[in-house]
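Engineer: The structure follows.
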Amino acid sequence: MFRNLVAALLILAALVLQVGLVNRVSPRIAPDLVLLVVLSLAALRGAAVPGAVIGFCGGLAYDLLPPSDHALGQWALVMCVLGFLAGRAGGQLPLLVVMLCAVIAPGLAAGIGALLGDPGVTWSVLRTAWLWVGLCNLVFAPVVLWAVSALQPKRRARGSEFVTSYRRGTA
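Take the sequence shown: its position 99, counted from the start at 1, is 99 in full-length UniProt numbering, and no numbers get skipped.
What follows is the structure, given as structure tokens:
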């Protein structure tokens with residue numbers, strides 16, 4: 001329960017930082033902090049379904065943010081798919097998985113936007129923006145992964161409540 005609350009607060013903080021600071025400094029080419037936090041949370045959980053749920057919730061919150069100029073649910077779909085992939089593959093090498101998904105994300109978002117009929121998605125925009133946004137995400141991915149792993153509560157190893165051997169307790 002506490003881990004889920006911390007994850008929700010991390011996503012909320014990333015949303016506020018993205019809209020309040022990062023988008024104001026560089027509105028076109030900037031790292032996507034919400035995406036990086038979602039990918040980091042999913043990779044650190046190391047499971048596909050929690051990663052997809054975290055991605056969907058983060059993407060839906062991103063879609064509902066006021067200056068949205070895209071179809072409702074676009075980022076929920078993108079982050080749900082990427083959260084699933086990061087959760088499924090991120091157990092052993094979370095940094096590599098987060099960096100790979102962070103580079104794939106702008107192209108996937110543009111592709112889904114083009115399928116939904118977004119007039120702002122063209123080949124020239126995709127060629128230029130994907131490179132720079134992917135590079136920004138790639139640079140900021142280790143920092144965000146480190147911060148999320150430092151703030152995420154550690155799971156305690158639980159001992160087995162069952163007797164593992166029939167000889168336990170005998171002389």
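The beta carbon of each residue, even a glycine, is placed where N, CA and C say it ideally should be.
Using alpha carbons as the reference points, say which of Leu36, Cys101, Val25 lies closest to Leu85.
Structural biologist: Cys101
Engineer: Exposed or buried, which one is Gly113 when buried takes at least 16 other CB atoms within 10 Å?
Structural biologist: buried
Engineer: Can you name, in chain order, every residue of its own chain whose Cβ lies under 7 Å from the Cβ of Val97, other than the five neighbours on each side?
Structural biologist: Ala43, Ala86, Ala89, Gly90
Engineer: With a Cβ-Cβ cutoff of 9 Å, do residue 190 and Val139 count as a contact?
Structural biologist: In the structure displayed, the chain extends from 1 to 171; residue 190 sits before or after that span and is not available.
Engineer: Are Gln74 and Leu10 close, meaning C-beta to C-beta below 9 Å?
Structural biologist: In this structure, Gln74 sits away from Leu10, with a CB-CB distance that is not shorter than 9 Å.
Engineer: Could you check whether Leu145 and Val6 sit closer than 9 Å to each other, using their CB atoms as the reference points?
Structural biologist: In terms of Cβ geometry, Val6 and Leu145 do not form a close pair [threshold 9 Å].
Engineer: By Cβ distance, which residues of its chain are closer than 8 Å to Ala109, with the 5 residues on each side in sequence left out?
Structural biologist: Gln74, Trp75, Val78
Engineer: Going by alpha carbons, who is nearest to Val16 out of Leu72, Leu64, Val53?
Structural biologist: Leu64
Engineer: CB Val81 to CB Gly58, shorter than 9 Å?
Structural biologist: No, the pair does not count as a contact, with Cβ atoms beyond the cut-off.
Engineer: In the stretch 48-114, which residue ranges form an unbroken alpha helix (DSSP H) of at least 4 residues, counting only runs that do not cross its ends?
Structural biologist: Complete alpha helix (DSSP H) runs here, min 4: 48-63, 74-89.
Engineer: What's the call for Asn137, buried or exposed, on a 16-neighbour Cβ count within 10 Å?
Structural biologist: Asn137 comes out buried.
Engineer: May I have the straight-line CA-CA distance separating Asn23 from Ala147, to the nearest angstrom?
Structural biologist: If you take the alpha carbons of Asn23 and Ala147, they lie about 20 Å apart.
Engineer: Does the beta-carbon distance from Gly46 to Pro94 come in below 9 Å?
Structural biologist: yes
Engineer: How many angstroms separate the CA atom of Pro153 from the CA atom of Leu35?
Structural biologist: 20 Å
Engineer: Is it buried or exposed for Ile54, if we count other Cβ within 10 angstroms and need 16 for buried?
Structural biologist: buried
Engineer: Select from Ala48, Leu41, Val125 the residue whose C-alpha is nearest the C-alpha of Pro142.
Structural biologist: Cα-wise, what sits closest to Pro142 is Leu41.
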